[in-house]
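>
Number of protein chains: 2
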Amino acid sequence: MALRHAVLAALLDGELSGYQLAKAFDLGVANFWHALPQQLYAELAKLEREGLVAGRQVVQETRPTKRLFHVTDAGLAELERFASAASKPSFVRDDLLVKVQAADHVDAASLITQVEERAAVAEAKIDLFRRILRKMRGGLNEEEFLRTGRRVGPYLTCLRGLAFEEGNRDWCLRTAAILRERSAATPREGAAPALASPEVARA
Amino acid sequence: MALRHAVLAALLDGELSGYQLAKAFDLGVANFWHALPQQLYAELAKLEREGLVAGRQVVQETRPTKRLFHVTDAGLAELERFASAASKPSFVRDDLLVKVQAADHVDAASLITQVEERAAVAEAKIDLFRRILRKMRGGLNEEEFLRTGRRVGPYLTCLRGLAFEEGNRDWCLRTAAILRERSAATPREGAAPALASPEVARA
DNA sequence: CTTGAATAGTCATATTCTTGACTATCCAAG
DNA sequence: CTTGGATAGTCAAGAATATGACTATTCAAG
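If you read the protein sequences in the order shown, they are chains Z and W. The opening residue of the first sequence carries number 9 in the numbering used here; numbering runs sequentially from there. The opening residue of the second sequence carries number 9 in the numbering used here; numbering runs sequentially from there.
Shown next, in the form of structure tokens:
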């Protein structure tokens, strides 16, 4: 149950409405925690009942009234407690990797397309992360900022997101190239092509 | 609902019992899909009811009787269908990243310890993946194997796991170093240390 | 000769997450 | 003057996951 802690961590940078929070989760936070708007509204309500966040109503003229939430002292204490407790091992879930695992038994063309699409998505995220990082460190260079900047937490997690997507892109491009080469080498085979194995090569 | 497909993909390499499958998930497959043994038994039962896998009873003398499962033609067709459908975006969940996001507001010492422990875990996984990869490619070098080997799917996903853990390790080590340096620079501060910010520097 | 680890598997409960729909207001483009 | 997108939020139902406990057998260490 760390969604609540992810929400608390996201609210540390200032007051957010549920809607803004949902967008934040879609961007930065999404790189290490994923949640739909519905869950966030529900979690905010629970956190408020428990006194870990507090909301204040903001009546807007041109927009629907919204509620801005901030972390309370109790919320900060809960984050402290969470941060000191043992971390569960991280986990990833990725359809595409499941498909690649089965690559030798399924249609190559569609798989290659999907891997290349994923590379493009990763590239877009890389650009986004680079922009966010530039904005966060302001005039300072990275080393300076990491030594002296306030709030390096979000910067560090963003760096992990950047490296992750770079790894993603590189792997996708390489994988696509390999699958392409292999499917070119056996143009008339369907699933599970009988490529040259060590045994065959010896024969 | 891609657990079923992860199970099918894992069973492509040969018959496995529920127990063996659980261990396979704990190792290789866990890098892109995570599931507890209970889920796997339940999923196998469902897959069998739907005719996507078939099990055969194996009576053992020295061990409890087990059931070995393999993918049926219908299961293969289902995998094909899945592989051609659009992939959901991958997602990661990581307690540790949530904690680092809040790094400027929580106790540094405990966080540094955890980040360094994670680096060690990553290192161990790197070793494991290297061994698995070596074993999979047999006598061939990597390039050769990727061009001509049978079943490159598991090899490719393992490569992604390796790169992921290398990224993890590198980021953890860098993050630990930065947090250490910062907490050394403000030895008597508690949470949210007032480090030199651009504004402060100007003053 | 008892304890603990590994094998092999099951059940029930509770929480969490996803899906899909729904209510509103405002602004801008066509 | 209607449609679509952005803002702001809510509800209900159902699927998927997690937690914890439970039954057995075998082998090896102490």
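Glycine residues also receive a C-beta, built at the ideal position from the N, C-alpha and C atoms. Remember, predicted model here, so these are calculated numbers, not experimental data.
Provide the residue(s) that pair with Z/G63 in DSSP beta bridges, ordered along the chain.
Z/F77
> Can you tell me whether Z/A82 sits near the ligand ZN, meaning its C-beta is under 7 Å from at least one heavy atom of the ligand?
Questions concerning the ligand ZN fall outside what the structure shown contains, since it holds no ligand whatsoever.
> Hey, would you say W/V79 sits closer than 8 Å to W/V61, going by beta carbons?
yes
> What in chain W is Cβ-close to Z/L141, meaning under 7 Å?
What Z/L141 touches in chain W: nothing, since even the nearest Cβ is about 14 Å away.
> Helix, strand or coil: which one does DSSP assign to W/A17?
helix
> Residues of chain Z with a CB under 9 Å from the CB of W/S30: which are they?
For the sequence presented, residue 30 of chain W should be read as Ala rather than Ser. Residues of chain Z whose Cβ lies closer than 9 Å to the Cβ of W/A30 do not exist, since the nearest Cβ in that chain is about 15 Å away.
> Using a Cβ cut-off of 8 Å (strictly closer), state whether W/T183 contacts chain Z.
Interface residue (Cβ-Cβ distance to chain Z less than 8 Å): W/T183 is classified as such.
> So W/A91 contacts chain Z; which residues on that side make the cut at Cβ distance below 7 Å?
K107, A110, V114, D115, S118, L119
> Can you list the alpha helix (DSSP H) stretches of 4 or more residues lying completely in the segment 66–152 of chain W, in chain order?
81–92, 103–109, 116–145
> What separation, rounded to the nearest whole angstrom, lies between the Cα atoms of W/S191 and Z/L164?
15 Å
> For Z/E173 and chain W, any beta-carbon pair shorter than 8 Å?
No - not a single Cβ of chain W is within 8 Å of the one on Z/E173.
> Helix, strand or coil, according to DSSP, for Z/L35 in the structure here?
Residue state, collapsed to three classes: coil.
> Rounded to whole angstroms, what is the Cα-Cα separation between Z/E228 and Z/E173?
Outside the modelled stretch of chain Z, which goes from 9 to 211, sits residue 228 of chain Z, for which no answer is possible.
> Alpha carbon to alpha carbon, how far is W/L105 from Z/R12?
Roughly 14 Å between the two C-alpha positions.
> Can you grab the Cα-Cα spacing for the pair Z/R158 / W/D112, in whole Å?
8 Å
> According to a CB-to-CB cut-off of less than 9 Å, which residues of the segment 95–106 of chain Z neighbour chain W?
S95, K96, P97, S98, F99, V100, R101, D102, D103, L104, L105, V106
> Give every residue of the same chain whose Cβ lies closer than 6 Å to the Cβ of Z/Q65, excluding the five residues on either side of it in the sequence, and list them in chain order.
R75
> Is the distance from the Cβ of Z/L16 to the Cβ of Z/G59 below 8 Å?
At the C-beta level, Z/L16 and Z/G59 stay beyond 8 Å of one another.
> Roughly how many angstroms separate the alpha carbons of Z/S98 and W/R177, rounded to a whole number?
13 Å
> Starting from W/R182, trace the alpha helix (DSSP H) both ways and give me its first and last residue.
Segment 161–193, the alpha helix (DSSP H) holding W/R182.
> Can you grab the Cα-Cα spacing for the pair Z/G26 / Z/L52, in whole Å?
7 Å
> Which residues in the same chain as W/R138 place their Cβ atom closer than 6 Å to its Cβ, once the five residues preceding and following it in sequence are excluded?
none
> Please list the terminal residues of the continuous alpha helix (DSSP H) segment that includes W/A50.
45–57
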